[in-house]
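Residue numbers (this note's numbering), protein chains in the order written: chain A, 7 to 333; chain B, 8 to 96.
All residues carry an ideal CB built from backbone N, CA and C; glycine is no exception.
Here the structure is a predicted model, which is why all the values come from computation and not from measurement.
Scroll down for the structure; my scribbles are underneath it.
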């Protein structure tokens, strides 16, 4: 079940234009939070089959539902509507600007349910609402870091404050890579496998560089150097060089960092003066691309080495045999 | 040590660029991890851009979470800065 922190008022503000909504009933409970973001057409449940009927979803009444109800006698209508609309029902939407029957208004007032009416056609409204609500219930998180598009890969640069994330980003910008967001990155889950990173609207494409202040990247480097969002392909963690720590010298093992339950390839990059972080990030990115394409430099080298050693031992054996036979 | 405290933005312009700079200055050499939460958004308080992103206006309440050895002093310092309206009116 999807949970949300959205109120009906916020819901209305968000969708009143795209879904051509008006509030018909329930003005006084608009501050209530919407507990479940799912949608349903009551359909067959109105005919009396209510087994497994979910009671906590948005209900859309279209021509089908209203037409069927109108064909029944008043008593049956009231009975059926009373079963389908419960106190847990968040809201009811009437499509295509149909006239609202009085019994629906009665039930909504009695059970504290918000009643909307839309000008859209029923199936359009249904699919729009379905996908919009799904979008709203997407898991989202905000992380500290800088997100860049390096050779088409989304690289999230993380590290403590003042380790040089923004400076690395500047270097990358200078080499015509693109900035998505500096300092604050919003990550949302897309499907079960990918993460989309973007920046907050307000600070998008602005950077803060110590000693310079706030800079507008789009104005400085041009529109070619910015991007709205990108899927996050790898994470580079910058940290100050620790002499006592052993850093990866081979690149055999793959490491991952989890965001919203999805593993993202992770590289720890030690920083000290003299190391060109920009170039290193470019290299990590290219090497990662090679790996994705099926070529793992470290693995290939290791196989080459093993091959060479095998050949050498075969040759040695042959040489030994020759020497022995000569004797 | 973890300290959580709600602080109110009292200066008339809200958390704009200058107050953000004041906050970042206070937190510059602080060991603790400090976060601000406002309207379901939690951000690193040591970063100017993060603070600006919150766009918190006058009278908004910011939930400050500090975790680390000097958490108590840090929150106290922040509380004073918020109270003194970051040297503004």
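Requested in this report: For residue 227 (chain A), I'd like the list of residues in its chain whose CB is within less than 7 Å of its CB, leaving aside the five on either flank, ordered along the chain.
Outcome: Only 179 meet the Cβ criterion.
Review point. Is the shortest distance between the beta-carbon of residue 167 (chain A) and the beta-carbons of chain B less than 7 Å?
Key: yes
**Message:** Helix, strand or coil for residue 23 (chain A)? Go by DSSP, reduced to three states.
**Reply:** coil
Item to complete: Using a threshold of 7 Å, state whether the C-beta atoms of residue 213 (chain A) and residue 124 (chain A) are closer than that.
Response: no
- Query: Leaving out five residues before and five after residue 21 (chain B) in sequence, what residues of the same chain have Cβ atoms less than 6 Å from its Cβ?
  - Reply: The residues are 63, 64 and 65.
If you run the structure through DSSP and keep just helix, strand and coil, what is residue 7 (chain A)? In this prediction, residue 7 (chain A) has a pLDDT of 36, which is less than 50 and means its spatial position is unreliable; what the coordinates show is noted afterwards. Looking at residue 7 (chain A) - three-state DSSP - the assignment turns out to be coil, as it is neither helix nor strand.
Requested in this report: Would you mind giving the Cβ-Cβ distance between residue 295 (chain A) and residue 159 (chain A), rounded to the nearest angstrom? I have them listed as a contact below 8 Å.
Outcome: 6 Å
Note down, one range per segment and in chain order, each beta strand (DSSP E) of at least 3 residues found wholly within the segment 102-129 of chain A. The segment 102-129 of chain A is shown to contain whole beta strand (DSSP E) runs of 3 or more residues at 120-124, in chain order.
Requested in this report: Consult DSSP for residue 48 (chain A) and reduce its assignment to one of helix, strand or coil.
Outcome: Residue 48 (chain A) falls in the coil class under three-state DSSP.
**Request:** Tell me, please, whether the CB atom of residue 11 (chain B) is closer than 7 Å to any CB atom in chain A?
**Result:** Answer no: the Cβ-Cβ gap between residue 11 (chain B) and chain A never drops below 7 Å.
Original post:
Pairing CB atoms from the segment 230-249 of chain A with CB atoms from the segment 268-277 of chain A, are three or more of them under 8 Å?
Top reply: yes
Q. Do you know offhand how far residue 98 (chain B)'s Cα is from residue 197 (chain A)'s?
A. The structure shown has nothing for residue 98 (chain B), since chain B only spans 8 to 96.
**Pair within 7 Å by beta-carbon distance, residue 91 (chain A) and residue 67 (chain A)** = no
Kindly indicate which residue of A:36, A:330, A:39 and A:72 has the alpha-carbon position closest to the one of residue 49 (chain A). A:72
For residue 334 (chain A), three-class secondary structure by DSSP:
Because chain A is modelled from 7 through 333, residue 334 (chain A) falls outside the range shown and cannot be assessed.
Any C-beta of chain A sitting closer than 7 Å to the C-beta of residue 27 (chain B)? So no, residue 27 (chain B) is outside the interface.
#### Entry: One or two residues paired with residue 51 (chain B) in a DSSP bridge
Bridge partners of residue 51 (chain B): B:42.
- Query: With a cut-off of 7 Å, does the C-beta of residue 20 (chain B) fall near any C-beta of chain A?
  - Reply: no
Based on DSSP bridge pairs, tell me the residues matched to residue 92 (chain B).
Bridge partners of residue 92 (chain B): none, in fact.
Hey, is residue 96 (chain B) close to the ligand FMN, as in C-beta under 6 Å from one of its heavy atoms? Among the components modelled here there is no ligand, and therefore nothing to report on the ligand FMN.
TODO: Confirm, please, whether the CB-CB distance from residue 84 (chain A) to residue 104 (chain A) is below 7 Å.
DONE: no
Through-space distance from residue 30 (chain A) to residue 127 (chain A), alpha-carbon basis | Straight-line spacing of the CA atoms in residue 127 (chain A) and residue 30 (chain A) works out to 18 Å.
Review point. In chain A, which residues lie less than 7 Å from residue 51 (chain B) when you measure between Cβ atoms?
Key: 150
For residue 201 (chain A), which option in A:292, A:270 and A:233 has the closest C-alpha, if you only look at C-alpha atoms?
A:270
Next item on the list: Spell out whether any CB of chain B is found under 7 Å from the CB atom of residue 7 (chain A).
Entry: Reliability of the predicted coordinates at residue 7 (chain A) is poor, the pLDDT of 36 falling under 50, and no value is obtained from them.
- Go to residue 208 (chain A), then tell me how far its alpha helix (DSSP H) extends in each direction, as first and last residue. Counting along the chain, residue 208 (chain A) falls outside any alpha helix (DSSP H), and DSSP gives it neither H nor E.
Query raised in the report: What does residue 71 (chain B) pair with, by DSSP beta-bridge criteria?
Result: B:12 and B:43
### residue 17 (chain B) versus residue 82 (chain B): straight-line alpha-carbon distance, rounded
16 Å
*Going by DSSP, name the residue or residues bridged to residue 273 (chain A).*
A:242
Check the Cβ of residue 62 (chain B) against every Cβ in chain A and list those closer than 8 Å, keeping chain order. 208
Using a Cβ-Cβ cutoff of 8 Å, what residues of the segment 179-195 of chain A are near chain B? List them in chain order. 188, 189 and 190
According to DSSP, simplified to helix, strand and coil, what is residue 69 (chain A)? helix
From the DSSP output, which residues share a beta bridge with residue 143 (chain A)? Residue 143 (chain A) is not bridged to any residue.
| task | Give me the Cα-Cα distance between residue 134 (chain A) and residue 38 (chain A), rounded to the nearest whole angstrom. | result | 22 Å
**Report entry** Neighbour list for residue 11 (chain A) in chain B, Cβ cutoff strictly below 8 Å
**Finding:** 47
Task: Limits of the alpha helix (DSSP H) - the one that residue 82 (chain A) falls within - done: Boundaries of the alpha helix (DSSP H) harbouring residue 82 (chain A): 80-90, taken from the DSSP string.
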